[in-house]
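*Asks:* Structure below; questions to follow.
There are 2 protein chains.
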Amino acid sequence: MNQSPSSASEGLSDALPGSPATPQLVPLNPGGGGKATPPSKNSKKSQRLERGSEEYRQRRERNNMAVKKSRLKSKQKAQDTMQRVNQLKEENERLEAKIKLLTKELSVLKDLFLEHAHNLSDNVQPESSTPGQESAG
Amino acid sequence: MNQSPSSASEGLSDALPGSPATPQLVPLNPGGGGKATPPSKNSKKSQRLERGSEEYRQRRERNNMAVKKSRLKSKQKAQDTMQRVNQLKEENERLEAKIKLLTKELSVLKDLFLEHAHNLSDNVQPESSTPGQESAG
DNA sequence: TTATATTGCGCAATGA
DNA sequence: CTCATTGCGCAATATA
Chain A
1 MNQSPSSASE GLSDALPGSP ATPQLVPLNP GGGGKATPPS KNSKKSQRLE
51 RGSEEYRQRR ERNNMAVKKS RLKSKQKAQD TMQRVNQLKE ENERLEAKIK
101 LLTKELSVLK DLFLEHAHNL SDNVQPESST PGQESAG
Chain B
1 MNQSPSSASE GLSDALPGSP ATPQLVPLNP GGGGKATPPS KNSKKSQRLE
51 RGSEEYRQRR ERNNMAVKKS RLKSKQKAQD TMQRVNQLKE ENERLEAKIK
101 LLTKELSVLK DLFLEHAHNL SDNVQPESST PGQESAG
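Listed below in structure tokens is the structure:
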């Protein structure tokens with residue numbers, strides 16, 4: 001993991017907010033076949049803001065912050081999800097262990113019952129020697 | 001793997017789904033105002049490639065593909081993680097249900113034992129719960 | 001060294 | 001309208 005030092009080289013945007021808009025970019029197909037050129041300027045305040053505009057920069061900055069925030073949130077959520085996986089895994093193991101224990105206890109009791117039943121059918125009266133004592137938690 | 005159309009869309013006005021009219025923007029870099037790219041021109045094989053270079057574009061395109069691939073992978077992983085969470089949740093419920101069942105069974109058996117013990121101490125020989133079952137004679 | 005994989009970031013379209 | 005999400009490209013960096 002690493003953090004970019006201070007490279008603020010964003011995607012070819014130009015000028016700082018304060019310098020005259022002098023985009024060093026020029027369309028290669030001025031009037032060729034492409035007429036899908038965006039609303040360009042000199043349109044009313046429809047939508048596209050000029051790249052050097054004050055409002056434009058303000059909007060961009062806000063959006064950039066929103067983007068950052070959103071991505072941070074997304075990452076945190078992902079991390080939480082992974083944490084939950086581990087948590088659930090642990091609980092899973094715990095539950096399985098408990099099941100194992102209960103199953104064993106049940107088995108023991110059933111065996112006792114069976115033994116008793118056999119004794120009955122054999123007409124035998126076993127002396128209650130040492131009864132299995134167990135404690136429940 | 002998705003193959004993006006080899007559009008040389010820079011980071012400026014692009015991403016117009018439906019409007020393939022990509023105004024090919026090219027950096028005007030005559031050597032006058034470019035300050036964001038100090039690749040120490042004139043150097044031989046420096047590290048920075050020129051923006052109009054063939055190799056540059058090739059490199060960029062490859063990287064773009066790699067980026068797409070990586071992000072796709074990341075998303076898939078996140079999805080898998082969420083799926084795992086749900087899966088584990090279900091299994092946990094299942095296990096808890098089983099524990100509940102086993103606990104109940106155990107409780108019943110223990111009650112039976114207790115009853116039996118009481119009967120013994122009362123010197124009684126119960127015949128279970130089946131009233132009206134007497135041997136006539 | 002080169003090639004690919006990750007990551008942070010900005011832009012723009014779109015969703016809410 | 002504003003803010004949140006999302007896809008995408010760029011560049012720095014990490015990994016092979």
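Chains as they are written, first to last, in the UniProt record's numbering: chain A, 1 to 137; chain B, 1 to 137.
Where a beta carbon is used, it is the ideal one built from N, C-alpha and C, also for glycine.
Helix, strand or coil for Asp111/A? Go by DSSP, reduced to three states.
*Replies:* Note: Asp111/A maps to helix in three-state DSSP.
*Asks:* Use the C-beta contact count for Leu101/A: other C-beta atoms within 10 angstroms, 16 or more gives buried, fewer gives exposed.
*Replies:* Its Cβ having fewer than 16 others within 10 Å, Leu101/A is exposed.
*Asks:* Tell me whether Asp80/A sits in a helix, a strand or coil according to DSSP, three-state version.
*Replies:* Reduced to three states, the DSSP call for Asp80/A is helix.
*Asks:* Buried or exposed for Leu109/A, going by 16 or more other Cβ atoms inside 10 Å?
*Replies:* Leu109/A is buried by the Cβ-count criterion.
*Asks:* For Glu50/A, name the three-state secondary structure that DSSP assigns.
*Replies:* coil
*Asks:* Ala97/A to Thr103/B, Cα distance in whole Å?
*Replies:* 14 Å
*Asks:* CA-CA distance, His118/B and Leu112/B?
*Replies:* 10 Å
*Asks:* Measuring straight from C-alpha to C-alpha, what distance separates Ser53/B and Gln87/A?
*Replies:* 52 Å
*Asks:* So which residues of chain B does Arg84/A contact, with C-beta pairs closer than 7 Å?
*Replies:* Those are Val85, listed as they occur along chain B.
*Asks:* Given this structure, state the Cα-to-Cα distance separating Lys89/B from Thr81/B, to the nearest angstrom.
*Replies:* 12 Å
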